[in-house]
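K.L.:
I have a structure I would like to understand better, so I am pasting it below and will then ask my questions one at a time.
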């Protein structure tokens, strides 16, 4: 009988989260990403509200180094404190945690779906992940793909062959781009897409996008509010107020230079702020 890696028994801490790197990258907060122009405060506020509802999402990009893991790591600060993160163990994952965890209080974290490294998830484990999402678990991961359509193709193609009804467990796909700007390398959110079940194929809707790398991110508030109401169950008045309030809050954090990961994490945890404002 093959022995399991001792690390495979731990799900409360990351397992090869950044891949095999001699020097681990420095994590960035969501406010730092806003400050750098990767995305705007409105889209970040929407993602904050979606993750409070344990939305399942994929961060995608074709080229390496586009910031998939950096973005995913920053997004995790938006999870409610009562939700337990469960880090998957790549090739070693046996999903034994399913026997003792409550789906409605758990969130599954997969650093990447690919065959590149044993710390990533591939093969039968990918379908098992999506079966868990069907059973009520939230999930976030990264994929090398150029958008939601390519993410779906990767999952449904051989050898993964995840049925499209399970693929529809994904709520949102964030597609990143990377390239040269006037001052050097820039990373940008290029599209935010919603996946909805269809009769034969998942239906895709772009709810935020930019046409070119250095162009503005178009994120119509009305559509974001509609998704919060229709997909995540917020009352219309609540969605309007929360989206606007959190957008302003994130902008104030940026303007006041609250960028460090720990400081942003504390600020998110203290929402809603006291009337005196953000310190």
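In this note's numbering, the protein residues as written are 40 to 318.
In this text, a Cβ means the ideal position worked out from N, Cα and C, and glycines have one as well.
A quick note: this is a predicted structure, and the numbers were derived from the prediction, not measured.
1. When burial is assigned at 16 or more other CB atoms within 10 Å of the CB, is residue 301 buried or exposed?
2. I believe residue 107 touches residue 211 by the beta-carbon criterion, under 8 Å. Please report the beta-carbon distance rounded to the nearest angstrom.
3. Would DSSP call residue 201 helix, strand or coil?
4. Leaving out five residues before and five after residue 165 in sequence, what residues of the same chain have Cβ atoms less than 8 Å from its Cβ?
5. Please give me, in chain order, every unbroken run of the beta strand (DSSP E) with length at least 3 that falls completely inside the stretch 58–124.
6. Please return the same chain residues whose Cβ sits closer than 8 Å to the Cβ of residue 264, not counting the five positions on each side in sequence.
7. Decide if the stretch 243–250 is in contact with the stretch 128–141; the criterion is three or more beta carbon pairs, one per stretch, under 8 Å apart.
8. Mind checking which residues open and close the beta strand (DSSP E) that includes residue 264?
9. By how many angstroms is the C-alpha of residue 312 removed from the C-alpha of residue 149?
10. From 77, 130, 142, pick the residue whose C-alpha is nearest to that of residue 157; which is it?
11. Return the first residue and the last residue of the beta strand (DSSP E) that residue 215 is part of.
12. List, from N- to C-terminal side, the beta strand (DSSP E) runs of 3 residues or more that fit wholly inside the stretch 139–182.
13. What do you get for residue 155, buried or exposed, if any count of 16 or more other CB atoms within 10 angstroms of its CB means buried?
14. Under DSSP, the beta strand (DSSP E) around residue 247 begins and ends at which residues?
15. Measuring straight from C-alpha to C-alpha, what distance separates residue 303 and residue 111?
16. State whether the stretch 216–230 contacts the stretch 111–126, with contact taken as three or more CB pairs (one from each stretch) at a distance under 8 Å.
17. Within this structure, are the beta carbons of residue 126 and residue 53 separated by less than 7 Å?
18. For residue 270, which of 93, 77, 57 has the nearest alpha-carbon?
19. Let me check you understand the geometry: is the CB of residue 236 closer than 6 Å to at least one non-hydrogen atom of the ligand ATP?
20. Between which residues of its own chain and residue 298 is the CB-CB distance below 7 Å, once the five residues before and five after are set aside?
21. Please classify residue 127: does DSSP put it in a helix, a strand, or coil?
22. Cα separation between residue 147 and residue 121?
23. Taking 7 Å as the threshold (C-beta atoms), are residue 257 and residue 81 in contact?
24. Give the C-beta separation of residue 241 and residue 183 to the nearest angstrom, bearing in mind that I take them to be a contact with Cβ-Cβ under 8 Å.
P.N.:
So, from the listed chains and residues:
1. So residue 301 ends up on the exposed side.
2. A Cβ-Cβ separation of about 14 Å leaves residue 107 out of contact with residue 211 under the 8 Å criterion.
3. Correct three-state label for residue 201: coil.
4. Here the set comprises 152, 194, 199, 201.
5. Along the stretch 58–124, the beta strand (DSSP E) occurs as fully enclosed runs of 3 or more residues at 96–100, listed in sequence order.
6. Setting aside the 5 residues that flank it on each side, residue 264 is surrounded in the same chain by 275, 278, 279, 282, each with a C-beta closer than 8 Å to its C-beta; the list follows chain order.
7. No, they do not touch.
8. Residue 264 -> not in any beta strand (DSSP E); alpha helix (DSSP H) instead, spanning 260–269.
9. One C-alpha to the other measures close to 32 Å.
10. Cα-wise, what sits closest to residue 157 is 130.
11. Under the DSSP assignment, residue 215 falls in the beta strand (DSSP E) whose first and last residues are 211–220.
12. 145–148, all fully within the stretch 139–182.
13. The residue in question, residue 155, is exposed, as its Cβ has fewer than 16 Cβ neighbours within 10 Å.
14. Where residue 247 is concerned, the enclosing beta strand (DSSP E) stretches over 242–248.
15. When the Cα atoms are used, residue 303 and residue 111 turn out to be separated by approximately 15 Å.
16. The stretch 216–230 makes no contact with the stretch 111–126: fewer than 3 CB pairs, one atom from each, lie closer than 8 Å.
17. The answer is yes: Cβ separation under 7 Å.
18. When only C-alpha atoms are compared, the closest one is 93.
19. In terms of ligand content, the structure shown is empty, and the ligand ATP therefore cannot be addressed.
20. Residues of the same chain with a CB within less than 7 Å of the CB of residue 298, apart from the 5 flanking positions on each side, are 68, 70, 71, 74 in chain order.
21. Three-state result, residue 127: coil.
22. Between residue 147 and residue 121, the C-alpha separation is close to 14 Å.
23. Going by C-beta atoms, residue 81 is not nearer than 7 Å to residue 257.
24. Not quite, the Cβ-Cβ distance comes to about 19 Å (not below 8 Å), so this is no contact.
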